[in-house]
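Peer 1: Numbering (numbering that gives the first Met the number 0), first residue to last: 0 to 443. There's a structure below that I have some questions on.
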Amino acid sequence: MSVNIQKYLDEVKKRNPGEAEFHQAVEEVLESIAPVLEKYPQYVESGIVERFLEPERQIMFRVPWVDDNGKVQVNRGFRVQFNSAIGPYKGGLRFHPSVYLGIIKFLGFEQILKNSLTTLPIGGGKGGCDFDPKGKSDAEVMRFCQSFMTELCKYIGPNTDVPAGDIGVGGREIGFMYGQYRRIQNEFTGVLTGKGIGWGGSLARTQATGYGLVYYTREMLKANGKSFKDQRVVISGSGNVAIYACEKAQSYGANVIVVSDSNGYIIDEDGIKLETVQRIKEVERGRISDYVKDHPTAKYVPGLDVWSVKCDIALPCATQNDINEDSAKKLVANGCYAVGEGANMPCTNEAVKYFLSKGVHVGPAKAANAGGVATSALEMSQNSMRLEWTFEEVDSKLDAIMTSIFEACDTASKEFGMPGNYVAGANIAGFLKVAKAMYAQGVI
Ligand code: NDP
Ligand code: 2IT
């Protein structure tokens, strides 16, 4: 049987006009799972693909709040509850001015497969708001978060949908939202993850996405006879994922020479000084350009062309479509041989194809950055058991999960005749588990 993938994609574009990021994510997955659908025609016949591509529920809501000048501001909030076949909806909240339905849907769609790969019982969802936390006072962020949760709380719950952080949502925002949820619902429950230590949070959740990315990339390098030791690493971003990827890569002997933000990037040939980045980003909420004040031998370059810096390993940890085909060509021309995707969909589909055609090892986001949500699921387990595990316990479970995710991608890539294509392997392994669950549960 030959499966017409284009028909599904055309239908997605027609039903979801103007949502370019969602179309892009769907296209990549459909291309990968074509051989799966040929092998298992029952998934085609029972409409699994059409159902898989349509969110179970999409919520959009007004978020009114009052700024420090007494002026009323209105933002638009989203929660897309995409698929709950294998567990409650699970996925982060993004607060960034670029947020619209197409971004939340691409993230929610990727989350289904990512969460499936974690081996833990979590479905896929994502939410967010077009609110820009930059330059806002703590009091403004609190009033905004309270208003956002006042509406969101109607749709979530510890067994229904468990949000967490993403771009623009860290410990401060989770705290304000958790407080408001608890006040309205009058219950102390694991409805959000990424909570603080001492009120339901898990040790190692803060580090988990960045550490997990490096654990996954370590396994990918190992399978190809390589390691992080003495390699030049370029990281984009300087937020939560970038910081802890940098820490773990350095602990494996890598020379991390670049971090960035949306204004520019730092090149420090002697190795990025992480404590300076952490002070600027986690404490002062400042700009990465300040780094050179402490380290005058480093260089600050305005703009986003981080991928022109020569490196062996690239870890994009900022945002989607950060590496296009041109950047991919520059990276390969400069000798880059491995890419570990810390951000969600940081490479365009054309960039991924170019990398694979040149033999570059690509650790796809939905596998390589799954450590964050996996540790969120461990936080949910701890909350349910009313127990707290040590940092070492959580970190060792995270390492084992990332190793098993790499093995699943590797095995699926070989089983379907594409050895070394971990992008296809991740899509296939993630999809199979969800498809099997949907099939068993009937047409719903
Ligand atoms: P943060 O908000 O902590 O940091 C985001 C970083 O990316 C900042 O340095 C930011 O710069 C930069 N950035 C954001 N948008 C842009 C843009 N449009 N252009 C250039 N730079 C940009 O977010 P996280 O570190 O949590 O998230 C980073 C990525 O990792 C995202 O793709 C997210 O979806 C993904 N991810 C996050 C997980 C988590 O647990 N937090 C889990 C899995 C994936 P600036 O400050 O200038 O905006
Ligand atoms: O993209 C992601 O996986 C996240 N932002 C983390 C989601 C979570 O529920 O911890």
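Glycine included, C-beta positions come from ideal geometry on N, C-alpha and C. Note that the structure is predicted; figures quoted are calculated from it, not measured.
May I ask you to check if the CB of Asp-289 is nearer than 7 Å to at least one heavy atom of the ligand NDP?
Peer 2: For the purposes of this step, residue 289 is identified with residue 290 of the sequence shown, where counting begins at 1. For the ligand NDP, not one heavy atom lies less than 7 Å from the Cβ of Asp-289.
Peer 1: Do Asn-343 and Asn-320 count as a contact pair if the criterion is CB distance below 8 Å?
Peer 2: Taking the first residue of the sequence shown as position 1, residue 320 is located at position 321. Taking the first residue of the sequence shown as position 1, residue 343 is located at position 344. No, the pair does not count as a contact, with Cβ atoms beyond the cut-off.
Peer 1: What does the Cβ neighbour count give for Ala-163, buried or exposed, with the cut at 16 atoms within 10 Å?
Peer 2: The residue labelled residue 163 in the question sits at position 164 within the sequence shown. Label assigned to Ala-163: buried.
Peer 1: Could you give the C-beta distance for Cys-128 and Asn-68, rounded to a whole number, given that I count them as a contact under 8 Å?
Peer 2: Mapped onto the sequence shown, residue 128 falls at position 129. Mapped onto the sequence shown, residue 68 falls at position 69. Cys-128 to Asn-68, Cβ: 20 Å. No contact.
Peer 1: May I ask whether a heavy atom of the ligand NDP can be found less than 7 Å away from the beta carbon of Thr-159?
Peer 2: Reading the sequence shown from its first residue, position 160 is the one you call residue 159. Checking every heavy atom of the ligand NDP against the Cβ of Thr-159, none is found closer than 7 Å.
Peer 1: Alpha carbon to alpha carbon, how far is Lys-6 from Ile-183?
Peer 2: By one-based count along the sequence shown, residue 6 stands at place 7. By one-based count along the sequence shown, residue 183 stands at place 184. Looking at the two C-alpha atoms, the distance is approximately 45 Å.
Peer 1: According to the Cβ coordinates, are Asp-398 and Tyr-214 closer than 8 Å?
Peer 2: The residue labelled residue 398 in the question sits at position 399 within the sequence shown. The residue labelled residue 214 in the question sits at position 215 within the sequence shown. Going by C-beta atoms, Asp-398 is nearer than 8 Å to Tyr-214.
Peer 1: For Ala-336, which residues of its own chain have a beta-carbon under 8 Å away from its beta-carbon, when the five flanking residues on both sides are left out?
Peer 2: As a first step, residue 336 is located in the sequence shown; it is residue number 337 there, counting from the start. Strictly speaking, residue 336 in this sequence is Tyr, with Ala absent from that position. Cβ within range, chain order: Lys-225, Asp-311, Ile-312, Gly-358, Val-359 and His-360.
Peer 1: Quick check: what's the CA-CA separation for Ala-350 versus Ile-111?
Peer 2: The count along the sequence shown starts at 1 and reaches residue 350 at position 351. The count along the sequence shown starts at 1 and reaches residue 111 at position 112. Computed Cα separation, rounded: 23 Å.
Peer 1: According to the neighbour-count rule (16 or more other Cβ atoms, all chains shown, within 10 Å of its Cβ), is Thr-389 buried or exposed?
Peer 2: Taking the first residue of the sequence shown as position 1, residue 389 is located at position 390. Looking at its Cβ environment, which holds fewer than 16 other Cβ atoms inside 10 Å, Thr-389 is exposed.
Peer 1: Using only alpha-carbon positions, find the residue among Ile-103, Val-98 and Arg-56 that is nearest to Asn-82.
Peer 2: To locate residue 82, count along the sequence shown from 1; it is residue 83. Asn-82 has its Cα closest to that of Arg-56, out of Ile-103, Val-98 and Arg-56.
Peer 1: Buried or exposed: which applies to Asn-114, given that a residue is buried once 16 or more other Cβ atoms fall within 10 Å of its Cβ?
Peer 2: To locate residue 114, count along the sequence shown from 1; it is residue 115. Buried.
Peer 1: Could you tell me if the beta carbon of Gln-206 falls within a distance shorter than 7 Å of some heavy atom in the ligand 2IT?
Peer 2: Numbered from 1 along the sequence shown, position 207 holds the residue referred to as residue 206. Answer for Gln-206: no, Cβ out of range of the ligand 2IT.
Peer 1: Going by DSSP, which residues form a beta bridge with Tyr-438?
Peer 2: To locate residue 438, count along the sequence shown from 1; it is residue 439. Note: Tyr-438 sits in no beta bridge, so no partner.
Peer 1: Per the DSSP calculation, Leu-314 is bridged to which residue(s)?
Peer 2: Position 315 of the sequence shown, counted from the first residue, corresponds to residue 314. Partner(s): Ile-234.
Peer 1: Less than 7 Å between the CB of Thr-318 and some heavy atom of the ligand NDP, yes or no?
Peer 2: For this step, residue 318 is matched to residue 319 along the sequence shown. Yes, the Cβ of Thr-318 comes within 7 Å of a heavy atom of the ligand NDP.
Peer 1: So, do the region 97-108 and the region 135-155 have three or more beta carbon pairs nearer to each other than 8 Å?
Peer 2: Verdict: no, contact absent.
Peer 1: Between the alpha carbons of Thr-117 and Pro-345, how many angstroms are there, rounded?
Peer 2: The residue you call residue 117 lines up with position 118 of the sequence shown. The residue you call residue 345 lines up with position 346 of the sequence shown. If I take the Cα positions, the gap works out to 20 Å.
Peer 1: What is the DSSP secondary structure of Ser-395, counted as helix, strand or coil?
Peer 2: Position 396 of the sequence shown, counted from the first residue, corresponds to residue 395. DSSP places Ser-395 in helix when its eight states are reduced to three.
Peer 1: Run the proximity test for Ser-375: is its beta-carbon closer than 7 Å to any non-hydrogen atom belonging to the ligand 2IT?
Peer 2: Counted from its first residue, the sequence shown places residue 375 at position 376. Because some heavy atom of the ligand 2IT lies under 7 Å away, the Cβ of Ser-375 counts as near it: yes.
Peer 1: Which two residues bound the contiguous alpha helix (DSSP H) that contains Gln-57?
Peer 2: By one-based count along the sequence shown, residue 57 stands at place 58. Where Gln-57 is concerned, there is no enclosing alpha helix (DSSP H), although the beta strand (DSSP E) it sits in stretches over 56-65.
Peer 1: List the DSSP bridge partners of Gln-72.
Peer 2: Indexing the sequence shown from 1 puts residue 72 at position 73. DSSP, once it has assigned bridges, lists Trp-64 as partnering Gln-72.
Peer 1: Taking only the alpha-carbon atoms, compute the straight-line gap between His-22 and Pro-54 and give it to the nearest angstrom.
Peer 2: On the sequence shown, residue 22 is found 23 positions in, with the first residue counted as 1. On the sequence shown, residue 54 is found 55 positions in, with the first residue counted as 1. Straight-line Cα distance between these residues: approximately 14 Å.
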